[in-house]
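Everything on this sheet refers to the single structure shown next.
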Amino acid sequence: DAGVIQSPRHEVTEMGQEVTLRCKPISGHDYLFWYRQTMMRGLELLIYFNNNVPIDDSGMPEDRFSAKMPNASFSTLKIQPSEPRDSAVYFCASSLGDRPYFNYGYTFGSGTRLTVV
Amino acid sequence: AQSVTQPDIHITVSEGASLELRCNYSYGATPYLFWYVQSPGQGLQLLLKYFSGDTLVQGIKGFEAEFKRSQSSFNLRKPSVHWSDAAEYFCAVGARGGSEKLVFGKGTKLTVNP
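Chains as they are written, first to last, in my numbering: chain A, 1 to 117; chain B, 118 to 231.
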């Protein structure tokens, strides 16, 4: 398995532009998580999905952020409009639910480093 | 809601020395506990986990961790550190039942001196 795949690896954009981050989870995993990592706040859970349905989006910072999971093999995190304070590394992770979930933990992608100038 | 504290932001050890990274959690019941490692430019990799039973758990790369309920701690240890262990280490806690999400500590960066 290729693991969790995120694209792009790096993104530099100007303030006010729309940014879309992409994630392909591990085939068969039914949970997908979006995290944001910054020096100040560490790893923050933004939103997670179960079977393509958003379960908890309480970590999404503002209406400028939105996430979708149109099918089991693809998710996007969109920021519109972007601001310099959105600069961070965004991680996607997937896992297998039910009780076996904790036997596997999360599998993380390599992240997207977003810089908004 | 659960929470995690990693008191040490940065630790430096010499190669071959022993290592202990601290983790304290807050949760109303016995939690699920994890340690992850992040190498530069990489995602997080699971080192080990605790669910129940034996409070000393073994993980990959020679790491172990001990769950101490009385101290609400889950410290990570390694008897002899290798230069390749230099990375950032994250403790995480998950709730039993209900939400499947993990809450992570802010991490401890480990530097290994030759």
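The beta-carbon is built from N, C-alpha and C at its ideal position, and this holds for glycine as well.
query, result
"Neighbour flag for Tyr106(A) against chain B, beta carbons, 8 Å", "yes"
"Below-8 Å beta-carbon distance, Phe33(A) vs any chain B residue", "yes"
"Neighbour list for Gly170(B) in chain A, Cβ cutoff strictly below 7 Å", "Going along chain A, no residue has its Cβ under 7 Å from Gly170(B), so there is no contact; the nearest lies around 13 Å."
"Test item: CB-CB of Leu161(B) and Gln175(B) under 8 Å", "no"
"Chain B contact residues for Leu45(A), given Cβ-Cβ distances below 9 Å", "Lys218, Leu219, Val220 and Phe221"
"Local conformation of Ser110(A) per DSSP, three classes", "coil"
"Residue of Gly158(B), Leu163(B), Gly211(B) and Gly170(B) minimising C-alpha distance to Gly232(B)", "Chain B is shown only over 118 to 231; residue 232(B) falls outside these bounds and no answer can be derived."
"8 Å Cβ cutoff, Phe184(B) in contact with chain A", "no"
"Where the beta strand (DSSP E) through Tyr144(B) begins and ends", "Run containing Tyr144(B): none; DSSP gives neither H nor E here."
"Lys118(A) - partner residues in DSSP beta bridges", "A question about residue 118(A) goes unanswered here, because the residues of chain A that appear run from 1 up to 117."
"is_contact[Pro100(A), chain B] using C-beta, thresh 8 Å", "Confidence at Pro100(A) is low in this model, with a pLDDT of 48, below 50, so the placement of that residue is unreliable and no value is reported for it."
"Extent of the continuous beta strand (DSSP E) run through Cys208(B)", "Ala204 to Gly211"
"Buried versus exposed, by CB contacts within 10 Å (16 or more), Pro100(A)", "Legend: pLDDT at Pro100(A) = 48, less than 50; position of this residue unreliable, value from coordinates given subsequently. The residue in question, Pro100(A), is exposed, as its Cβ has fewer than 16 Cβ neighbours within 10 Å."
"Three-way DSSP call (helix, strand, coil) for Gly97(A) in this model", "coil"
"Closer than 7 Å at the beta carbon, the chain A residues around Phe180(B)", "Within chain A, no residue comes near Phe180(B); the closest Cβ sits about 14 Å away, beyond 7 Å."
"Within-8 Å CB hit, Gly133(B) to chain A", "no"
"Any chain A beta carbon closer than 8 Å to Ala212(B)", "no"
"Residue of Leu45(A), Tyr90(A) and Pro84(A) minimising C-alpha distance to His10(A)", "Tyr90(A)"
"Between the CA atoms of Asp202(B) and Phe65(A) - distance to the nearest angstrom", "35 Å"
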